[in-house]
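Okay, so the sequence shown: first residue is 342 according to the numbering used here, each after it adds one.
Glycine included, each C-beta is placed from N, C-alpha and C at the ideal position.
Read the structure below first, then the notes.
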Amino acid sequence: MEGTMTGFRSSVVYQIYPKSFYDSNGDGVGDLRGIIEKIPYIASLGVDHVWFNPFFPSPGRDNGYDISDYCAIDPAMGTMEDFEELVEALGAHGIGVMLDMVLNHTSTEHEWFRKALAGDEHYQRYYYLRDPKPDGSLPTNWVSKFGGPAWEPFGDTGKYYLHLYDRTQADLDWHNPEVREEAARVVNFWRSKGVRGFRFDVINVIGKPEALLDAPEGTDDRAMYTDGPDVHTYLQWLSEHSFGQDADSITVGEMSSTSIQACIGYSNPANHELSMVFNFHHLKVDYEDGQKWTLKDFDLAALKRLLGEWALGMQEGGGWNALFWNNHDQPRALDRFGNVDEYRYESATMLATAIHLLRGTPFVYMGEEIGMSDPAYTSIDDYVDVEARNAYRALIEGGADPAWAFAVVHSKARDNARTPMQWDASENAGFTRGTPWLRPVNHAEVNVESAERGRILPYYRRLIEARHTHPIIAEGSYTPYNAPDEVFAYVREHDGRRLLVLNNFRAHDVDVDVLGGFAQGRVLIGNYDDAVVRSRITLRPYESLSIITGA
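See the structure below:
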C-alpha cells in the first residue's frame, strides 16, 4: 500500500444507465429507488463517482437526451426526494454523483422551444432559426447525426430550426448570453443538491459560428460546427459561473469528432475548463471507411496507434483523458475487441487492464465488470433505439440484403449496451418483476450473483483498488513500449518507480522481450495467476501482465 490518494486522477467512475439498472416498482423501467437499493453493490466496487445518464423529464425520443425540463426528475424515474436520498446514501460511502448535462440542445417539448414556437421572440433567440436560401432550399447542407437533413420547419413561420441530432432536439444558440446564463442556472441548481460531478454531452459543438455556412462539396459538414474557438470561451465562462467554484468538482466533456489539440485546451488545468475529456476515435477502428453502419473486424494496429497517440499527445500538452471501452452509446467492447465464446474472462480483464493502467481516469460502464456482452437479438423489432431503426431502414432502402442489414445493426446498435443489468439468472435477469422496456438476454450464466463467485468482478475490484493505492497509476508519465503487433504495451513512471504494462489482444501466444530492467521486477497485477517475470515472456491468449520496478 502506497497511501490513499484523492482527486480525479486517482478516481474511477462507474456509469449507470438508470433506465436499465434496477426496477424497484415492477413497471419495467429502472428508477432511482432501484439504484438506492443497489448502493451496497456499487460501493463494493470501490468506485469514487457514479455518472448517471439523464433521468430528467423527456419525451424519450433519444432515450432521455431530449430533455424537456433540466431541473426536475422524470416521474417514471422517481421524485426529487428520491434523488436527494440517493446523493446522501452514495455520499455516506464516499461516492460522488456525476450528472449528465445535455446543454447543446433541448427537446422541442421544452418550455423554451414551445414559447419560441408560440411567437415569443425572447425564446426564439435561444435557438438557431434561419430562413431558407433564396432558391427555397434548406439554410445549409448539414446532415443530422441521426440521418436526414439537420433542419426542420419551425412551425408555419417559413423558417427552419437547426437540429444536429434528432428533429425533436433543437440546438441552443450559445452566442446568446441568456442561453449561457440558463446553462449556469441548471448546473447551479444541481450543485445546490450536493452534486459535484458533471458530464457535458457533445459539448464541443456548442461553438458553432454565428454565420452558418454550407460545407464545401466533398467535405465533412462536421468541420463546420465542431471544436470552434468559442467552445473554450463558453466552457471557461460556465466554469467561472458554476462548477469551477467547487474545489472538489469533477467534470468531463464528451467530444465529438475532435482532435488532440482541441482536447488539450479543454482539459489543461491552466485553461479552467474541464477536468477531462472523452474522445471516440479508438472506437471507430471497426468502421469501414469511417462509416459506422458497416461490418469490419477491428484494426488492431489503428487501435494501438490511437490509444498511444492520445496518451502521449495529451500528456505533452497537459491534458487529461477519460478512459473507456463501453458506454450507453457503444456496443459492448467484449464483442468488438475480445473473444466472448472462448476467452470471456481473459479478454474482459485484458481490456480492463489496458485502460485502467493508462494515464487518464477510467470509466466502468455498468455490466462490463461482470463480463456482459451484446444481446443475441434476432430481429430489428428487438431494438428500441431510434438511431438503430433509422439505420436499418436506410440500409434496406439503399438496397442492402435484410439479413446483412440486420447483422450490421446488431453489431453496432446502442441498445446493445442498454439491455438491463443482469443481477441473477432468473427471468428478466432479476431486473424487474414486470415487462422490461428492453429485453435482456445472455443472463443465465453472466450475472452479478454468479460473478461474485467468478473471476471478472474480483479482478475489476483489484484494478480499481490499484489506482487508489499506487501513485504510479494515477500520476505516472506514459511512454510507449515496443512490442509485437498483437500486443499493446506501455511504460508508466513516477517517483523512481516504473511500470511495464503488456496486453495481448489475440487468442494465441505471443513472445515479448522484457527489457529496460523490468526482468528484475515483480508482477503488480495480471489476469493469469501463474505469470512469472523473466527476460522473455510468452503472453497467453488475451493475457495482461504489469511488471513494477523501483524502490
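Cα-Cα separation, residue i to residue j
i, j, result
"Asn-868", "Arg-796", "9 Å"
"Glu-629", "Tyr-883", "25 Å"
"Gly-606", "Glu-790", "43 Å"
"Asp-676", "Val-873", "29 Å"
"Asp-871", "Glu-450", "58 Å"
"Leu-736", "Glu-493", "23 Å"
"Leu-804", "Gly-701", "14 Å"
"Met-442", "Gly-367", "28 Å"
"Ser-448", "Ala-746", "30 Å"
"Thr-481", "Ala-457", "21 Å"
"Asn-620", "Leu-553", "25 Å"
"Tyr-469", "Val-527", "20 Å"
"Gly-708", "Gly-496", "43 Å"
"Tyr-733", "Tyr-718", "14 Å"
"Gly-858", "Ile-866", "18 Å"
"Ile-380", "Arg-774", "19 Å"
Spatial neighbours of residue i in its chain, beta-carbon cut-off 7 Å, leaving aside the 5 residues before and after
i, result
"Glu-343", "Bear in mind that the predicted position of Glu-343 carries a pLDDT of just 37, short of 50, making it unreliable; the figure below should be weighed with that in mind. Hits under 7 Å: Thr-810, His-811 and Pro-812."
"Glu-728", "Phe-487 and Arg-755"
"Asp-403", "Tyr-506, Asp-507, Gln-510 and Val-727"
"Thr-347", "At Thr-347, the pLDDT of 45 sits below 50, so the modelled position is not reliable; the number obtained from the coordinates is stated separately. Same-chain partners within the cutoff: there are none."
"Leu-798", "Glu-710, Ile-711 and Ala-792"
"Met-418", "Pro-359, Asp-372, Leu-373 and Phe-396"
"Glu-816", "Arg-350 and His-835"
"Asn-731", "Phe-487 and Gly-488"
Alpha helix (DSSP H) segment containing residue i, residue limits
i, result
"Tyr-733", "727–738"
"Pro-743", "743–753"
"Val-789", "789–792"
"Arg-374", "373–378"
"Ser-580", "571–582"
"Tyr-406", "Note, Tyr-406: premise wrong, no alpha helix (DSSP H); not H, not E."
"Val-864", "That residue, Val-864, is in no alpha helix (DSSP H); its beta strand (DSSP E) goes 863–867."
"Tyr-464", "462–465"
"Leu-479", "Per DSSP, Leu-479 belongs to no alpha helix (DSSP H) and is neither H nor E."
"Leu-699", "Counting along the chain, Leu-699 falls outside any alpha helix (DSSP H), and DSSP gives it neither H nor E."
"Ala-430", "421–433"
Boundaries of the beta strand (DSSP E) in which residue i is found, first to last residue
i, result
"Thr-879", "877–880"
"Ser-887", "885–890"
"Ala-830", "828–835"
"Asp-854", "851–854"
"Asn-845", "838–845"
"Met-442", "437–442"
"Trp-492", "492–494"
"Ile-591", "591–595"
"Pro-703", "702–706"
"Leu-503", "501–503"
"Thr-449", "Note, Thr-449: premise wrong, no beta strand (DSSP E); not H, not E."
Whole-Å CB distance - residue i paired with residue j, under 8 Å assumed
i, j, result
"Phe-397", "Pro-359", "That belief does not hold up - the Cβ atoms of Phe-397 and Pro-359 are roughly 11 Å apart, past 8 Å."
"His-893", "Ala-384", "Look at the range of the chain in this structure, 342 to 892, and you will see that residue 893 is not part of it."
"Gly-535", "Met-439", "Rounded, the Cβ-Cβ distance is 12 Å, inconsistent with contact."
"Gly-585", "His-622", "The pair is not a contact, with the Cβ atoms about 28 Å apart (cut-off 8 Å)."
"Arg-838", "Ile-889", "6 Å"
"Val-520", "Asp-512", "Val-520 to Asp-512, Cβ: 10 Å. No contact."
"Ser-399", "Met-691", "Not really, about 37 Å apart at Cβ, beyond 8 Å."
"Ala-611", "Asn-668", "About 28 Å; that fails the 8 Å criterion."
"Val-832", "Leu-841", "5 Å"
"Gln-656", "Ser-818", "7 Å"
"Ile-436", "Asp-389", "7 Å"
Sequence-distant residues of the same chain with beta carbon closer than 6 Å to residue i, five excluded per side
i, result
"Gly-594", "Phe-541, Ile-544, Tyr-607, Leu-615 and Val-618"
"Thr-776", "Gly-369"
"Trp-483", "Ala-491 and Asp-562"
"Thr-879", "Asp-850 and Asp-852"
"Asp-854", "Arg-877"
"Arg-466", "Asn-517"
"Gly-771", "Trp-764 and Asp-765"
"Leu-648", "His-623"
Close Cβ partners of residue i (< 8 Å) along its chain, the five nearest in sequence each way excluded
i, result
"His-697", "Val-353, Leu-664, Pro-703, Leu-804, Ile-805, Ala-807, Arg-808 and Ile-814"
"Thr-345", "Summary for Thr-345: the model assigns pLDDT 35, below 50, so the residue's position carries little reliability, and this model does not support an answer."
Near the ligand SAH: residue i beta-carbon under 7 Å from a heavy atom
i, result
"Asn-612", "Absence of the ligand SAH from the depicted structure is noted, as is the absence of any ligand whatsoever, leaving it without description."
Contact with chain C by residue i, beta-carbon distance below 8 Å
i, result
"Cys-604", "Note that chain C does not occur in the displayed structure, where there is just one protein chain."
Next on the checklist: List, from N- to C-terminal side, the beta strand (DSSP E) runs of 3 residues or more that fit wholly inside the region 609–690.
Outcome noted: 617–619
Next on the checklist: My parser needs the alpha helix (DSSP H) runs of 4 or more residues fully inside the region 348–401; what are they?
Outcome noted: 373–378 and 380–386
Item to check | Those runs of the alpha helix (DSSP H) which lie wholly inside the region 796–830 and span at least 4 residues | outcome: 797–810 and 812–816
Item to check | Segments assigned alpha helix (DSSP H), at least 4 residues, entirely inside the region 509–563 | outcome: 518–532
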